[in-house]
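According to the working numbering, the residues represented by the sequence shown are 18 to 225, in order. All C-beta atoms in this analysis are idealised placements derived from N, C-alpha and C, irrespective of residue type, glycine included. What follows is a set of notes on a single structure, which appears directly below.
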Amino acid sequence: RTGIVFDLAGNQATFTSPAFKIDRTPPGIVFGTASPAANANGWNKSDITLPFTASDDLSGVAATSPSAPLVIGGEGAGLTATVTLTDVAGNSASYTSPAFKVDRTPPVLVFGAASPAANVNGWNNTAVNVPFTASDALSGIAPASPASPATEGTAISKTVTITDLADNTATFTTPAFNIDLTPPSLSALASPAANGNGWNNTTVTVAF
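Structural data, given as structure tokens:
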């Protein structure tokens, strides 16, 4: 600054103060594009890396805490991270990242009672339907198909794969079932054989 000084005799002099550097404005930030991108449902299932650019138009950026890029971990429907910037003049400001949805945990499944129930011998002679209840505590369940063993044999089981909205998947196997869809068959042999006219004149024994 410059000032003019007068004495009582009318003399005057102009003086200029030393030069100073003044920065009152904290640095700013621009967040970049997160990686990996969220899926079509808006969810991630792993850590998210978020780059940022810090700037200060006057004194310059002195420090960032943490340094770029931000890494967003954990699980939740509104995860954020905070970065604090300080410029060379000592001004500081904290900025919060955009919110992200992260689900790392696959869904779970509970099988219900099979229908129809096996007979007293432990067998079914029709397809067996196995209901189930799937759940996911965070992102929710994507559509799935029911497990329905429908072939025949011993220890028949089927698998069902459940996917949540964050693309976590888990595969579950039904209990095993004995299924026989084929009726029994029988072969018979008559003795004595019929004559040429198709008749017998004695008792006929039929073995099978």
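By the Cβ criterion, the segment 66 to 85 is in contact with the segment 42 to 49, since at least three pairs of Cβ atoms, one from each stretch, lie closer than 8 Å. Here residue 134 carries a coil assignment [DSSP, helix/strand/coil]. Looking from the CA of residue 206, the closest CA among 122, 225, 191 belongs to 225.
Contact check for residue 21 and residue 33: beta-carbon distance about 11 Å, past the 8 Å limit, so the pair fails to qualify.
Taking C-beta atoms under 8 Å as the contact rule, residue 104 and residue 79 qualify, at a distance of about 6 Å. The shortest C-alpha to C-alpha distance from residue 173 to any of 211, 186, 143 is the one to 143. DSSP places residue 111 in the strand class (E or B) of the three-state scheme. Rounded to whole angstroms, the gap between the alpha carbons of residue 120 and residue 98 is 16 Å. Listed as beta-bridge partners of residue 176 by DSSP are 190. In the three-state scheme derived from DSSP, where H, G and I count as helix and E and B as strand, residue 60 is classed as coil. Between residue 83 and residue 145, the alpha-carbon positions lie close to 57 Å from each other. Among the bridge pairs identified by DSSP, residue 104 is matched with 78.
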